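Report on the structure given below.
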Amino acid sequence: MTALLKLSGASKKFGGLVAVNDVSFGVEKGESLGLIGPNGAGKTTTFSILMGEHRPDSGSVEFRGRPITNVPTHRRVQLGIARTHQIPKPFGGMDVFENVRVGSMPDSIWRLIAEREPEHAEWEIMESVGFGEREARMLPGQLSMGELRKLELARTLATNPEILLLDEVFAGLTVGEIAQLTQLLLERKRQGMTYMIVSHDLRSLRPLVDRVIVMSFGSLIAEGEFDAVMADEAVREAYLGHARTEERGVVDGTA
Amino acid sequence: MVNILIQGLALSGLYALLAVGFTMIFSVGRVLNLAYGVYIMLGGYMYYTAVQVMGLPKIGGFLFAIAAGIAFAVLTYSILVRRLEGNPVAVEIATLILAVVMQSLIILIYRPVSKSMWPVVQGVFRYEGVFVTYNLLVAMVVSWVALAGLLIFVRYTRYGRAIQAVSMDRKGAIISGIDPRRMNLLTWAISGALGALAGVFFATYTQLNPSMWVGPLIVAVAVVVVGGIGSIVGSLIVAHIIGFMETFTTAMIAAELRGVFTMVLIIVVLVVAPKGLFGRGEL
Amino acid sequence: MPKSRFHRSLLYWLAFGAFMCLIPLVASTGVVRLLIFANFLAIFAMSWDIISGRTGYISFGHPFLIGIAGYTTAILTRHLDAPLFVSIPLAVLATLVGGTLFFLPALRIRGTYFALVTLAFMELMYQLTQVIAPKITGGTRGLSGLKTIILGAVPNYYLTFCVMFAIAFCLWLITRTRIGTALAAIRMDEEAVTALGLSTLKLKLFAFGASAAVAGIGGALYVHYIGSIAPRALFDINFLFTILVAALLGGSGTIAGPILGAYFLTFLLEYLRPYLPGAERYFIYGAITLVVYVLEPRGLHSILERAYGKLSPIVARGLAK
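Just so you know, the sequences run in chain order F, G and P. Heads up: the first sequence at position 230 corresponds to 230 in the working numbering, and the numbers run straight through without jumps. Throughout, the working numbering is defined as the position within the second sequence, counted from one, plus 1000. Throughout, the working numbering is defined as the position within the third sequence, counted from one, plus 2000.
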């Protein structure tokens, strides 16, 4: 079976820092893959390579069996890959609903001008993340961190992705919000959505993923089911080693 | 040929002085001060007023010009730019509008006609076909002295190093107890002084008129853009490239075309290498 | 609800059009001539606003675009004796090509640097028109004695007003669709727009094209109204300044703003004429704009809107009594 999204032998250097080192993996359709690892392991850079925001120094990206290494970001989104960001970046001057509307826009000047698309698809997405009429007219500046994450998710869902790359979706959320978000993501998964999720919050990640891969210092060090990977010696080493470097105050290099 | 080289060298020296104040503001505050040309114009007009209208000695004219430059620069920063902090595009628009406002003020006071200035130093240096006015030579020497002084100030004095710190890493500077606003204000004051000083020589090199701020501003922009962000040495090199190219074009092709090269340089460099040819160096 | 808002806006447009059409019946020729200039300025300010107010790419080189149109039609009619209905469309076409040239730097740079490139374009054009082929361009003195489209203040008023009104109305119709939102999104965060699957290249090209076309129409008509063209009058920071100030003072990012700003400035200029006859009035212009810009970057339009928002409940209450 060919993977829906596949990364083969990807490497990326920033100056002297090897952010991603010969990483290969695939995400099957309908699967939910967790990507974990200590700070600076290269998780976010991996996402950026998958999205085309960074071009890998070597290696390739395939989507549905077709190479997309040289496809620009917005075309990848149109093909059905989308990501959320660690730090949500909404359009500051627009209300929540308009933000979501931008996500569902067709990439055609003519259609943007001539078509008067009904708004119910966007309202459905708004509702699914728990936004109502009141939130719709709020500006991003008035939202809490949890609501900003929901907005980021809603806006990304509006691009109608086949595979969704989620970067630290749980950071800054309350326990209640995490539970709500988990429900939403699981619901979407049942409907066939494919995920790749980066999270530090392993406890929240566990019920969401079928399989995890672990990165450390740019390299892939383990792969398998959640509990098996957590028991892995190399993984424990990477996390404990990470704990030690953090004590020494080494700053995250990729963010 | 030697003549062209000497002329080019002298003009480049003047251009380096014209540009350095603009570069400083950009490197410390990360804003493009399009009202910078006004300091140059103000310098010229104030010197003219002091020396040719009020009959003060030349040194008085210089002091008058520099004081006006500092005052206006400090006002620009504290009244206008500080309010728009964090929005460099707004600063760019506002300072351009301010420049036109000042241009009209000059017209209001001095009428729109051009005025010619007496050279600061009379006479022409002649030696075996070499032919340069003493005025331009003095401008070059003053420029070198001012630039050397600036480098020493920035590298070796407490305030200079604080300014340098803000230009490298604003947040880091704040943590080390430096108030970036004070450093900005100081930078603007120095920039106003340098602009006014350069303005006196520039006005004697060309002439006084209310739109004289545009040409030097474009040279300053080119120097910053081509030299890279806030590098004093890079600025010096580019000032010489522009100065020599203008002298060559005037001598070899046509005097009217001398500005064209500068414009093409700005466009090409910004499109091809937006970070400048010399990158971001030390201040 | 949105439908009724649309209808109400339509009503405002109609009222504005009707009011402006009635003006020549009561106003003196002087005022009418003044309004012609206001109409031109409004066209230029709207053109500037499509790029700069919407997408946030500040253009300091709009006179460059206007100049391309002006020179194209001036040269065609003067030297080749082309009829206006041929030369004006060609001029607009030439401006579109020039606008694309203008656009190239926007692929790589943005913010303050983009504004500088456009400024360099304008100054380059100023120097080149004087030096390159002065026989064709008329060199420093430019070309004069150009054909006029129609004669008389009132017909010219109706012509310029109709063109201005048509442009404004079309722009309003276009920008109130989703493309208006998309262009505003570019101003706020270009990367995010890309990440949502939209080609910012395409959107920017559209905005630049629309801006160039409007500048082209305005520029070509302007040259044939005043009958002459010269580099100093066109590629000048003062001209750029007037356009910029009209758009900023009125309120950028809107359609009504630039029109409001253009009319306001033109009448301000007229009332200042007895006191400040020359270029000094730019002093007042600029000073007012700076104050408004620093206090309310979105201009008079936004100030009026807020005042209206505060007043209308009071008026409504008064009427209810």
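C-beta atoms are modelled at their ideal positions from N, C-alpha and C, and glycine is treated no differently. The structure presented is a predicted model; accordingly, all values stated were derived computationally and were not measured.
Residue pairing for F/Pro67: DSSP places it in a beta bridge opposite F/Glu62. F/Ser216 sits close to F/Gly37, with the two beta carbons spaced by under 8 Å. Look at F/Gly103: its C-beta is under 8 Å from a C-beta on chain P. Interface annotation, P/Leu2035: not in contact with chain F, CB-CB separation never under 8 Å. Close to chain G, meaning a Cβ-Cβ distance shorter than 8 Å, are the following residues of the segment 2026-2056 of chain P: Gly2056. In the three-state DSSP reduction, F/Leu186 falls in the helix class (H, G or I).
In the three-state reduction of the DSSP assignment, P/Ile2075 falls in the helix class. Around the beta carbon of P/Phe2103, 16 or more other beta carbons lie within 10 angstroms, which makes this residue buried.
One thing to note: G/Phe1022 has its Cβ no nearer than 8 Å to the Cβ of G/Tyr1045.
Nearest neighbour of P/Leu2107 by Cα position, chosen from P/Lys2310, P/Ala2182, P/Glu2280, P/Tyr2057, turns out to be P/Tyr2057. DSSP places G/Asn1184 inside the alpha helix (DSSP H), whose first and last residues are 1180-1205. Nearest neighbour of G/Met1117 by Cα position, chosen from G/Ile1175, G/Ala1198, G/Met1054, G/Tyr1048, turns out to be G/Tyr1048.
Taken atom to atom, the span from the alpha-carbon of G/Thr1250 to that of P/Gly2218 is near 37 Å.
Only exposed fits P/His2079, as fewer than 16 other CB atoms lie within 10 angstroms of its CB. According to the DSSP assignment, F/Leu164 belongs to the beta strand (DSSP E) that extends over 163-167. Thr2194, Ala2195, Leu2196, Gly2197, Leu2198, Ser2199, Thr2200, Lys2202, Leu2203, Phe2206: these are the residues of the segment 2194-2223 of chain P whose beta carbon lies less than 8 Å from some beta carbon of chain F, given in chain order. Cβ atoms of G/Ala1065 and G/Val1214 stay farther apart than 8 Å, at about 19 Å. Sequence-distant Cβ neighbours of P/Ala2185 in its own chain, meaning closer than 6 Å and more than five residues away, are Val2193. For P/Ser2228, the secondary structure class from DSSP, reduced to helix, strand or coil, is strand. Boundaries around F/Ser32 are those of the beta strand (DSSP E), 32-36, since no alpha helix (DSSP H) includes it.
Of the candidates G/Leu1270, G/Pro1216, G/Val1113, G/Val1113 places its Cα closest to the Cα of P/Gly2278. The C-beta separation of G/Tyr1077 from G/Leu1185 comes to about 6 Å, placing the pair in contact by the 8 Å criterion. DSSP places F/Thr194 in the uninterrupted beta strand (DSSP E) bounded by 194-198. Buried is the label assigned to F/Ala19, since at least 16 other Cβ atoms lie within 10 Å of its Cβ. Within the same chain, and ignoring the five residues on either side of G/Ser1143 in sequence, the residues whose Cβ sits closer than 7 Å to its Cβ are Gly1013, Leu1014, Ala1016, Leu1017. By the C-beta criterion, the segment 1220-1240 of chain G is judged to be in contact with the segment 1266-1275 of chain G, since at least 3 inter-stretch pairs fall below 8 Å. Looking at F/Ser219, F/Ala234, F/His200, F/Ile213, the one whose alpha-carbon comes closest to that of F/Gln86 is F/His200. With contacts defined as CB atoms closer than 8 Å, P/Ala2212 and P/Leu2090 fail to qualify as a contacting pair. F/Phe14 sits in a strand when the DSSP states are folded into three classes. Chain P has a Cβ within less than 8 Å of the Cβ of G/Ile1093.
For secondary structure counted as the beta strand (DSSP E) over 3 or more consecutive residues, the segment 87-174 of chain F holds these complete runs in sequence order: 163-167. Residue state for G/Ser1012 is assigned as helix, using DSSP reduced to three classes. The C-alpha of G/Tyr1127 is placed about 50 Å away from the C-alpha of P/Arg2110. Residue environment analysis places F/Thr174 among the exposed positions, since fewer than 16 neighbouring C-beta atoms fall within 10 angstroms of its C-beta.
Contact between the segment 2255-2272 of chain P and the segment 2030-2050 of chain P is present: 3 or more CB-CB pairs across the two stretches fall below 8 Å. In the DSSP annotation of this structure, the continuous segment of the beta strand (DSSP E) that includes F/Ile221 starts and ends at 219-224.
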